[in-house]
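Below is one structure, written out as structure tokens; the observations come after it.
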Amino acid sequence: MKKHIISVLVQNQPGVLAHIAGMFAARGFNIDSLVVGRTEDPEFSRMVIVSTGDAPTLEQIRKQLGKIVTVVKVRDLSDQKCVERDLLLIQVHCPPEKRSELGHLCEVFRGSIVDVGPRSIVIQLTGPEDKIEAFVELCRPYGIKALSRTGVIAVPRASQTENGSAEAPPRRKRIRTATATTPSGTLVLPPS
Amino acid sequence: MATKPQAKPAAQSASGGVSPIPDVPKAAPASFVGKSGAQALLDILVEQGVEVVFGYPGGAILPTFDALYGAPIRFVLTRCEQGAGHMADGYSRATGKVGTTIVTSGPGATNLTTALGTAYMDSIPMVAITGQVATAAIGNDAFQEADVVGVTRPVTKHNILVKNVNDLPRIVREAYHIARTGRPGPVLVDLPKDVQVRLIENGNGEMNLPGYRPRSKGNPRQVRMAAEAINAAQRPVLYVGGGVILSGASEELRQLARKAHIPVTTTLLGLGAIDEIADADLALHMLGMHGSAYANYAVQASDCLIAVGARFDDRVTGKLETFAPHAKIIHIDVDPSSISKNVDVDVPVVGDAKAVLAELLPLVEYRERAEWFAQIGVWKQRYPFGYRERPGEILPQQVIDQIGKITESKAIVATGVGQHQMWTAQFYRWRQPRQMITSGGLGTMGYGFPAALGAAIGCPDKLVIDIDGDGSFQMTCNELATAGEYQIPVKVVILNNHFQGMVRQWQELFYQRRYMAVRMANPSFAKVAEAFGCTGLEVRDPKDLPDAIRKMIATPGPVVLDAHVSAEENVYPMVAVGKSLHEMEMGGMA
């Protein structure tokens, strides 16, 4: 079960998000996160969907997305090098005596304190998902009062054109079991 | 008593006359500016070649019905929106054209959803126009408001709410284009009342579908690989689905089967792709749960399975793990998401069946395959479709056998869903594409009768017979009023066993005959028919059966023949759920 980042260019029309979300629900696919935003062209929006599943499932997700009329382009970014970012806003319990300690932690992760109250602070942090998750774990002992994440957005790296880094997806095996065959390797069929 | 069919099917050409009726859009009006939404809609319907609309009026669609007044389009008023949808679907299946239905908002649209789902599962091109409350009222729980785009999203190929009247010509055009191209399907356009009234100010109505590019031709490399696999095969089988009918590829398929010398089995929706009489030596008939033993054995023993326009449905494959275990699988389909969905495929070819088969044809070579055909011949002889006659009782299979003989296998046949549907598939001999009209994917009981009415309106020169079950027929028999009003000459044969036969069969086989909610206390179908302005007939004695069928066909207008058949006859062969395709219950057939 691999994590996949799928970038979907869609027509900027009402109902497109519902259509895509509905397709995922109806076919039993997972959505870990889904981000929608405008692109450089007002006619199109981009969705970045993070989903986990085996190779055949992801192949189906790509194909089913491609079938939706308002979907213009589907790209699985996990087959290639890409820059991915998640944005975290976290409000942490923080009495005055803990401020410097949390400030230091924040510096290590290159986050920034964006609001300070008498008993808590709000920290902003961007980065790939694992970095965000590590930081959240470190904040937990202080007491998390509120947390919000955007989910991953991603674009392919500019520098990967020379080497088609995309690895061919593993070939799916035909589903077969031994029970269909006798020891001699032939089916149990009526005698001819 | 006349003995000839009242309406003679059209003459058949040497090739079997399989070319689909062209469905080419006519010239577009120069401009829509200044027209109301409803008027522009009518213009586009005419441009798209719509000859008949099935539907039902209501408050939110009134402006469109006003525009239909005096329009050069025939309107068929049904008795329920579900019937309208099935008629549009049956019309489409019989003619190859896009069926059109116009209904109102709220309950009109929700009644339509079963018909949309039926068409969606079987990839039938249809456009549904639904009224919607005025844009200002949307979201306020207005009278007869429903989120129709939300409700119908999973049962349509595409659907859209028109918010701005300037977009209407483009959207309706796109709807027809999307419905009929690629893997066809139903498209719904939701039309608020004020949008139907507003005047168009700008926009040229040109299509804008940057994400919609259905593939026609196959990748030449993949086609070559497929041809190599076919030429190398010792025991190939063509497994043909509804995609071949939809793309009008029956002629190409027949040529391929003859040229490469490959036996052909069809799915329920593929029936008629091959002429089971003219090409009897190649025809394996239907495969799957209630398919022929020889088709199922052939698939299981095959070393190369060529799937064309089929989707490896669970009713076809049986237990997936052991499906065609020795076969290299070639899959030709216009929908990439069908490929490797249920069964992993060795040679995928994405493309339209007609185009790909035409590409494949020059690359395949004739092979004798004497051993393979000898083996199939043995299976065919040993395990034919059959039934044991019982004195004094009409057997359901016998009725279909007789209808087949009397109509010379030339009628368009619609069915409901259940035992009668499977017997019809097994015992009628299919010769032409678009001859079998049945709900395969969704399995919609009540589909047969309205679909037959739609088919009869689309093909007035052909004999249309609905072979129905007593359970199925009663789900939509309100449409007898439509048949009576317009005197649509559909002949309905009800295989009346006073049971929901297929559910009863499963309760008999898997639930120790604990018959729960399957006994049907039926009305007199003949009297019901008469009350609705149709002719009602009844037959109970097998001796009277041929004459009753002839009388039904000879009687003008809509006729219902209530055939009282054996109550507890079962459909065999049967592959039980979870069994492999070759592990069939023969039910004493063999």
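Protein chains in written order, with numbering that gives the first Met the number 0: chain A, 0 to 191; chain B, 0 to 589. Glycine residues also receive a C-beta, built at the ideal position from the N, C-alpha and C atoms.
Is residue i close to chain B? Criterion is C-beta to C-beta, closer than 8 Å.
i: A:K80; result: no
i: A:H92; result: no
i: A:E132; result: no
i: A:V68; result: yes
i: A:E58; result: yes
i: A:P117; result: no
i: A:A25; result: yes
i: A:S6; result: no
i: A:A17; result: yes
If you run the structure through DSSP and keep just helix, strand and coil, what is residue i?
i: A:R118; result: coil
i: A:M0; result: coil
i: B:F472; result: helix
i: A:C105; result: helix
i: B:G98; result: strand
i: B:N203; result: coil
i: B:Y296; result: helix
i: B:G138; result: coil
i: B:C303; result: strand
i: B:D561; result: strand
i: A:Y141; result: helix
i: B:Y90; result: helix
i: B:F31; result: coil
i: B:D546; result: helix
i: A:F28; result: coil
i: B:A127; result: strand
i: B:N158; result: strand
i: B:Q47; result: coil
i: B:S14; result: Bear in mind that the predicted position of B:S14 carries a pLDDT of just 38, short of 50, making it too unreliable to give a figure here.
Check whether chain A comes within 8 Å of residue i, counting only Cβ atoms and requiring the distance to be less than that.
i: B:G247; result: no
i: B:V148; result: yes
i: B:G210; result: yes
i: B:I177; result: yes
i: B:H260; result: no
i: B:R310; result: no
i: B:S291; result: no
i: B:L190; result: no
i: B:P347; result: no
i: B:K578; result: no
i: B:L160; result: yes
i: B:P449; result: no
i: B:R152; result: yes
i: B:H330; result: no
i: B:K340; result: yes
i: B:P335; result: yes
i: B:H419; result: no
i: B:H284; result: no
Look at the Cβ atom of residue i, then the Cβ atom of residue j, and state whether they are nearer than 8 Å.
i: B:Q401; j: B:P545; result: yes
i: B:Q221; j: B:L360; result: no
i: B:V150; j: B:T100; result: no
i: B:L362; j: B:R223; result: yes
i: B:G84; j: B:L41; result: no
i: B:M447; j: B:D465; result: What sits at residue 447 of chain B in the sequence shown is Gly, not Met. Yes. Within cutoff.
i: B:N495; j: B:D561; result: yes
i: B:M288; j: B:A424; result: no
i: B:Y211; j: B:K156; result: no
i: B:S104; j: B:M125; result: no
i: B:A93; j: B:I411; result: yes
Could you name each continuous alpha helix (DSSP H) segment of 4 residues or more that falls completely within the region 475-539 of chain B, going from the start of the chain to the end?
479-485, 500-509, 524-530
Cβ contact (3+ pairs, closer than 8 Å) linking the region 291-308 of chain B and the region 570-587 of chain B
yes
Any 3 or more C-beta pairs closer than 8 Å across the region 252-271 of chain B and the region 341-350 of chain B:
no
For the region 63-72 of chain A against the region 10-22 of chain A, are there 3 or more C-beta pairs whose distance is under 8 Å?
yes
Counting pairs of Cβ atoms below 8 Å between the region 191-203 of chain B and the region 27-47 of chain B, do you hit three or more?
yes
Under 8 Å: do the region 123-143 of chain B and the region 256-264 of chain B share three or more Cβ pairs, one atom per stretch?
no
Quick one: any contact between the region 19-35 of chain A and the region 46-63 of chain A, if contact means 3 or more CB pairs under 8 Å?
yes
Pair every Cβ in the region 506-517 of chain B with every Cβ in the region 475-484 of chain B, then say whether three or more of these pairs are closer than 8 Å.
no
Run through the region 318-381 of chain B for me and flag every whole alpha helix (DSSP H) of 4 or more residues, listed as ranges in chain order.
352-359, 369-381
Counting pairs of Cβ atoms below 8 Å between the region 306-318 of chain B and the region 328-342 of chain B, do you hit three or more?
yes
Between the region 373-388 of chain B and the region 406-420 of chain B, do three or more beta carbon pairs fall short of 8 Å?
no
Mind the definition here: the region 69-84 of chain B touches the region 468-480 of chain B only if three or more C-beta pairs lie below 8 Å; say whether that holds.
yes
Scan the region 235-304 of chain B and note each continuous alpha helix (DSSP H) run of 4 residues or more that stays entirely inside, going in chain order.
241-245, 249-259, 292-300
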